[in-house]
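Visitor: The structure follows.
Residue numbers (the working numbering): 3 to 182.
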């Protein structure tokens, strides 16, 4: 058995035909329907424009964000390089200051002293130079721990290993000859 609409309901068919004719453009729409259709078309156009604008905003934000991220990465890299360069410069400046202090205090091997100094204990001025007093204090602290680095004389005379009896090689030669 088929289940179809019975022809006993002509009023429903008439309404359906009228709506179908209006949808197909065969009948005249009422002014209210025309206004509703116009408002619907305008709303659809505005929704389309809104979607396009939102899409464009998202694209611009993505481009701007990418540029911002690139700039941030470049800035981070530059900061790291600056920190490395500053560290190298401070190491060189500290080494020069240590060499000067060691020369005045009669200490041999300032390069060893430079390596043994704790750089965290050194004060720096606004221009990035090590504070002489803190360098002297650091050198003296190292010398307390390693007194062997101090020369016999206060100044660097280039006569390391000598005393009142002569050079070390003179003393060895004297021993070999049988006398001291």
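Ideal Cβ placement from N, Cα and C applies to all residues, glycine included.
1. Considering only the beta carbon of each residue, do residue 115 and residue 137 sit closer than 7 Å?
2. What does residue 152 pair with, by DSSP beta-bridge criteria?
3. Roughly how far, in whole angstroms, is the beta-carbon of residue 95 from the beta-carbon of residue 131, given that I think they are within contact range, below 8 Å?
4. Give, in chain order, every unbroken run of the beta strand (DSSP E) that is at least 3 residues long and sits entirely within the stretch 109–143.
5. Between residue 148 and residue 80, what straight-line distance do the alpha-carbon atoms span, to the nearest angstrom?
6. Measuring CB to CB, does residue 119 end up less than 7 Å from residue 152?
7. Taking a contact to mean a Cβ-Cβ separation below 7 Å, would you say residue 133 touches residue 125 in this structure?
8. Exposed or buried, which one is residue 33 when buried takes at least 16 other CB atoms within 10 Å?
9. Any idea what DSSP makes of residue 30, helix, strand or coil?
10. Could you check what DSSP says for residue 17 in three-state terms: helix, strand or coil?
11. Go ahead and label residue 141 buried or exposed: buried means 16 or more other beta carbons lie within 10 angstroms of its beta carbon, across all protein chains shown.
12. Measuring only the C-alpha atoms, how far is residue 90 from residue 82?
13. Report the rounded CA-to-CA distance for residue 39 versus residue 30, giving the unit in angstroms.
14. For residue 129, which residues from the same chain have a beta carbon less than 7 Å from its beta carbon, with the 5 sequence-adjacent residues on both sides left out?
15. Quick one: is residue 93 buried, meaning 16 or more other Cβ sit within 10 Å of its Cβ, or exposed?
16. From residue 44 to residue 63, what does the alpha carbon distance come to, in whole angstroms?
17. Please classify residue 65 as buried or exposed, where buried requires at least 16 neighbouring CB atoms within 10 angstroms.
Guide: Let me lay it out:
1. Here residue 115 refers to the residue found at position 113 of the chain shown. Here residue 137 refers to the residue found at position 135 of the chain shown. No, the Cβ-Cβ distance between residue 115 and residue 137 is not below 7 Å.
2. Within the chain shown, residue 152 is the residue found at index 150, counting from 1. For residue 152, the pairing in a beta bridge is given by DSSP as 109.
3. Residue 95 sits at position 93 when you count from the first residue of the chain shown. Residue 131 sits at position 129 when you count from the first residue of the chain shown. Under the criterion of beta carbons closer than 8 Å, residue 95 and residue 131 qualify as touching, at roughly 6 Å.
4. Here no run is fully enclosed.
5. The residue labelled residue 148 in the question sits at position 146 within the chain shown. The residue labelled residue 80 in the question sits at position 78 within the chain shown. Taking the straight line from one Cα to the other gives about 40 Å.
6. What you label residue 119 is simply residue 117 of the chain shown in a count that begins at 1. What you label residue 152 is simply residue 150 of the chain shown in a count that begins at 1. Contact flag unset, no.
7. Taking the chain shown and counting its residues from 1, one reaches residue 133 at position 131. Taking the chain shown and counting its residues from 1, one reaches residue 125 at position 123. Yes. Within cutoff.
8. One-based indexing of the chain shown puts residue 33 at position 31. By the beta-carbon neighbour count (other beta carbons within 10 angstroms, threshold 16), residue 33 is exposed.
9. Taking the first residue of the chain shown as position 1, residue 30 is located at position 28. For residue 30, the three-state secondary structure derived from DSSP is coil.
10. Here residue 17 refers to the residue found at position 15 of the chain shown. Residue placement at residue 17 is poorly supported in this model, since its pLDDT is 48, which falls under 50; the coordinates still yield a value, given next. Residue 17 carries a helical assignment under DSSP once its states are collapsed to helix, strand and coil.
11. Counting from 1 along the chain shown, the entry for residue 141 is found at position 139. Result: buried.
12. Walking along the chain shown from the start, residue 90 turns up at place 88. Walking along the chain shown from the start, residue 82 turns up at place 80. Each residue's alpha carbon lies about 12 Å from the other.
13. Residue mapping note: residue 39 aligns to position 37 of the chain shown, counting from 1. Residue mapping note: residue 30 aligns to position 28 of the chain shown, counting from 1. Going from the Cα of residue 39 to the Cα of residue 30 covers about 13 Å.
14. For the purposes of this step, residue 129 is identified with residue 127 of the chain shown, where counting begins at 1. So the list is empty, once near-sequence residues are dropped.
15. One-based indexing of the chain shown puts residue 93 at position 91. So residue 93 ends up on the exposed side.
16. On the chain shown, residue 44 is found 42 positions in, with the first residue counted as 1. On the chain shown, residue 63 is found 61 positions in, with the first residue counted as 1. As the crow flies, the alpha-carbon of residue 44 is around 28 Å from that of residue 63.
17. Locating residue 65 in the chain shown gives position 63, where the first residue counts as 1. So residue 65 ends up on the exposed side.
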